[in-house]
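Chains as they are written, first to last, in the numbering used here: chain G, 26 to 333; chain H, 591 to 702. Every residue gets a Cβ at the ideal spot worked out from N, C-alpha and C, and that includes glycine. Reading through the structure tokens given below for one structure.
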Amino acid sequence: MPDALYDVIIIGGGPAGLTAAIYASREGLHTLLLEKMACGGRVALTAHIENWPGTPDGINGMDLTEKFKQQALKFGTQITEFAEVTKVEPLEKAVQITTDNGSYTGKTLIVATGSVLKKLNVPGEDKFYGKGVSYCATCDGPFYKGKDVAVIGCGDSGLQEGESLLGFAKSVTFIAYRSFMKARQSLQERVKKKPNAKFLLNYIVTSINGNKTVTSITAKERQTNEERIIDVQGVFVYIGFMANTNFLQGVVDLDPVGCIVTNDDMQTSVPGIYAAGDVRSKKIRQITNACGEGTIAALAARDYIKEL
Amino acid sequence: MEEVKPINIGDDQFETEVLKAEVPVLVDFWAPWCGPCRMAGPVLDKIAEEYEGKVKVCKVNVEDQRQVAIDNGIMSIPTLNFYKNGELVDQMTGVTPNFESDIKKKIESHLD
Numbered sequence: 026m027p028d029a030l031y032d033v034i035i036i037g038g039g040p041a042g043l044t045a046a047i048y049a050s051r052e053g054l055h056t057l058l059l060e061k062m063a064c065g066g067r068v069a070l071t072a073h074i075e076n077w078p079g080t081p082d083g084i085n086g087m088d089l090t091e092k093f094k095q096q097a098l099k100f101g102t103q104i105t106e107f108a109e110v111t112k113v114e115p116l117e118k119a120v121q122i123t124t125d126n127g128s129y130t131g132k133t134l135i136v137a138t139g140s141v142l143k144k145l146n147v148p149g150e151d152k153f154y155g156k157g158v159s160y161c162a163t164c165d166g167p168f169y170k171g172k173d174v175a176v177i178g179c180g181d182s183g184l185q186e187g188e189s190l191l192g193f194a195k196s197v198t199f200i201a202y203r204s205f206m207k208a209r210q211s212l213q214e215r216v217k218k219k220p221n222a223k224f225l226l227n228y229i230v231t232s233i234n235g236n237k238t239v240t241s242i243t244a245k246e247r248q249t250n251e252e253r254i255i256d257v258q259g260v261f262v263y264i265g266f267m268a269n270t271n272f273l274q275g276v277v278d279l280d281p282v283g284c285i286v287t288n289d290d291m292q293t294s295v296p297g298i299y300a301a302g303d304v305r306s307k308k309i310r311q312i313t314n315a316c317g318e319g320t321i322a323a324l325a326a327r328d329y330i331k332e333l
Numbered sequence: 591m592e593e594v595k596p597i598n599i600g601d602d603q604f605e606t607e608v609l610k611a612e613v614p615v616l617v618d619f620w621a622p623w624c625g626p627c628r629m630a631g632p633v634l635d636k637i638a639e640e641y642e643g644k645v646k647v648c649k650v651n652v653e654d655q656r657q658v659a660i661d662n663g664i665m666s667i668p669t670l671n672f673y674k675n676g677e678l679v680d681q682m683t684g685v686t687p688n689f690e691s692d693i694k695k696k697i698e699s700h701l702d
């Protein structure tokens, strides 16, 4: 339906986008949400969320975002899943959005596309995806019961996911690119106490090796260049995130790492285009502030439409 | 007519339902704790309906049926295994933006 004019088009069905959808459609705005896969966002990869207020017993990530989705639908948001946006074009007082399956026009746009895990880009990574290489410890941890695995990256994500793997695996070798681990101290202390946790600091992984499945990784000490082969059957990659903004190059201002720059009202460098959640240039990336930003963006879009 | 749904199978049904099936079989290895698996679910429901009689869609919940997953080389979920005449002929891991068309392309390549 290329001719329908929406008040608000939201790209991304994670917490920020779905919250924006709840607010926008509850305000009576004609709202469309486009999601590249199925709604959930990166939260869907987390089995147990402990810091979502109102859930003292914790909640499964997919359960949480499914509720968000139901609530957005209830208020009338139209949700189209498996629709990847390839192009965004600002028009006179409107924005045109192109997907593989058609184009849509909105008076305003809220970008809530979040981020994806960075890949290592070493030989073997693609070949062994699903055969020992994984980006979701929550999903795949149980397959590594009694096996040796490596976690690449020692930030909060690496240590958190690694901590859950320690419950299944015979050993978990944490490999940090720097000479120290970036994860928060309390988490480091907890992980270091585990008898089956090992640490290799200041190493860079240069290849993932195996036949049909992973059997080892090769890592190099960054100062001495000493090479080591570590026998593992699983490799979990957590070396940081990359904002999903490829389709926005040259459309709105991005910061040097590709995140969208906004003002306090979540407005980007283009009036009528807003950003919310992990895709925004900011320091703290939590579900709670993603939802807060989705709220602000939706209400700012409402006010902007009034002035059109 | 009743809606065609993927068939949930247990360890002991794998041979009869999958390996001895008369049509190609798509087996979805999944678990309730896995978000991407749940994203894949509705797409597979659609595939089961669209390919009724031509392709059989089965689901193995690896939470209860760990052994059959391990026996079939599963190390990540969701993984879709394609079986034809009792042989594993293709495999797909993860959910992609073009998930439905990716699955269909694989299916078509294995239909006679």
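I want to verify the contact list: residues of chain C whose CB lies under 8 Å from the CB of residue i, in sequence order.
i      : result
H/F604 : Protein chains in the displayed structure are G and H, and chain C is not among them.
I'd like to know if residue i contacts chain G, where contact means its C-beta is closer than 7 Å to some C-beta of that chain.
i      : result
H/G625 : yes
H/I667 : yes
H/K610 : no
I believe residue i touches residue j by the beta-carbon criterion, under 8 Å. Please report the beta-carbon distance rounded to the nearest angstrom.
i      : j      : result
G/I229 : G/Y202 : 6 Å
G/V33  : G/T133 : 5 Å
G/I135 : G/Y129 : G/I135 to G/Y129, Cβ: 13 Å. No contact.
G/T80  : G/F153 : Wrong, their Cβ atoms sit about 36 Å apart, outside the cutoff.
Does any residue of chain H bring its CB to less than 7 Å from the CB of residue i?
i      : result
G/S128 : no
G/E168 : Sequence check: residue 168 of chain G is Phe here, not Glu. Closer than 7 Å: yes.
G/D24  : Given a span of 26 to 333 for chain G in the structure shown, any question on residue 24 of chain G remains unanswerable.
G/A97  : no
G/K112 : no
G/A162 : no
G/K94  : no
G/K152 : no
G/S306 : no
G/S159 : yes
G/E214 : no
G/K156 : yes
G/G187 : no
G/G86  : yes
G/E251 : no
G/E52  : no
G/E109 : yes
For residue i, does the count of other Cβ atoms within 10 angstroms reach 16, so buried, or fall short, so exposed?
i      : result
G/R67  : buried
H/Q657 : exposed
G/E114 : exposed
G/G157 : buried
H/V633 : buried
G/T102 : buried
G/D151 : exposed
G/Q258 : buried
H/P614 : buried
Among the options, whose alpha-carbon lies nearest the alpha-carbon of residue i?
i      : options                        : result
G/M291 : G/D328, G/A322, G/I242, G/S140 : G/A322
H/V652 : H/G625, H/P626, H/F619, H/G684 : H/F619
H/D680 : H/V613, H/Q603, H/A611, H/V617 : H/V617
G/F224 : G/Q121, G/G187, G/A97          : G/G187
H/N688 : G/I122, G/M62, G/G319, G/A194  : G/M62
G/G178 : G/G265, G/E214, G/G166, G/G127 : G/G265
G/L116 : G/D328, G/V295, G/R327, G/K331 : G/V295
G/L184 : G/H55, G/A300, G/K217          : G/K217
G/P281 : G/F272, G/N288, G/M267         : G/M267
G/G317 : G/I36, G/L43, G/A29            : G/L43
- Of the residues that make up the segment 681-700 of chain H, which ones have a beta carbon closer than 8 Å to any beta carbon in chain G? In summary, the residues of the segment 681-700 of chain H whose CB is separated from some CB of chain G by less than 8 Å are Q681, T683, G684, V685, T686, P687, N688, F689, E690, in the order they occur in the chain.
- Of all the residues that make up the segment 634-667 of chain H, which are near chain G by a beta-carbon distance shorter than 9 Å? Taking 9 Å as the Cβ-Cβ cut-off against chain G, the residues of the segment 634-667 of chain H that qualify are V652, E653, R656, A659, I660, G663, I664, M665, S666, I667.
- Using a beta-carbon distance cut-off of less than 7 Å, what residues from the segment 59-82 of chain G approach chain H? Within the segment 59-82 of chain G, the qualifying residues are K61, M62, A63, G65, A69, L70, A72.
- Note down, in chain order, all residues in the segment 256-272 of chain G with a beta-carbon under 7 Å from any beta-carbon belonging to chain H. Within the segment 256-272 of chain G, no residue has a Cβ lying closer than 7 Å to any Cβ of chain H.
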